[in-house]
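The structure appears right after this line, and notes come after that.
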Amino acid sequence: MAMTLEKALLNNQSILQNFALGEEIDEQAAEIISGGYVTIKNTTNQPVTYSIDGVSTVIKAGATQRIVTQLDGELRFDRDIRDERVRVRDYDLEDGHTYEFKRDPQNSSGNWIDIYDQDWD
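Residue 125 is where the sequence shown ends in the numbering used here, and the numbering goes up by one at each step.
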């Protein structure tokens, strides 16, 4: 029984689709095993120092960072932007989400910031 050109092409296409599906599943599994990432934005007018899973970094005003995490992660930062005051806030992150540092609208002094999950429903 001879294989027609059309049948051969369809067979090759099917093999390639299965291969691509396998690659996609492998990528998803690797992300689950190794952790994931979060995106951090700073919409304040000054740099914010923060840590994720104990690793400290600074994000400039107006900047965006994509951070690799170990299965979600814990964010820690100082809510009070004045140098002489420290009010630590811990926040549990979720992989794949985008978080934004903003001024806290509930603080009338304007000296506090908070973190907001942009993907939260």
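The beta-carbon is built from N, C-alpha and C at its ideal position, and this holds for glycine as well.
For clarity, every value in this text was computed on a predicted model and none was experimentally measured.
query, result
"Which whole-angstrom value is the C-beta distance of Ile117 and Arg83, which I expect to be below 8 Å?", "6 Å"
"Starting from the C-beta of Ile71, find all residues in its chain whose C-beta is less than 7 Å away, skip the five residues before and the five after it, and write them out in chain order.", "Tyr41, Val42, Ile44, Ile56"
"If you draw a straight line from the C-alpha of Lys64 to the C-alpha of Ser112, how long is it?", "24 Å"
"Identify whether Glu78 lies in helix, strand or coil by the three-state DSSP scheme.", "strand"
"Please report the straight-line C-alpha distance between Gln110 and Asp87, rounded to a whole angstrom.", "20 Å"
"Quick one: Cα of Glu127 to Cα of Pro51, how far?", "It is not possible to answer for residue 127, since the shown part of the chain is limited to 5 through 125."
"By the three-class DSSP mapping on this structure, what secondary structure does Trp116 have?", "strand"
"Report the CB separation of Arg80 from Asp94 in whole angstroms; it is logged as a contact under 8 Å.", "5 Å"
"Tell me Gly40's beta-bridge partners as DSSP assigns them.", "Thr73"
"Do the CB positions of Thr53 and Val62 come within less than 9 Å of each other?", "yes"
"Report the option in Ser60, Val59, Ile85 whose CA atom is closest to the CA atom of Asn49.", "Ile85"
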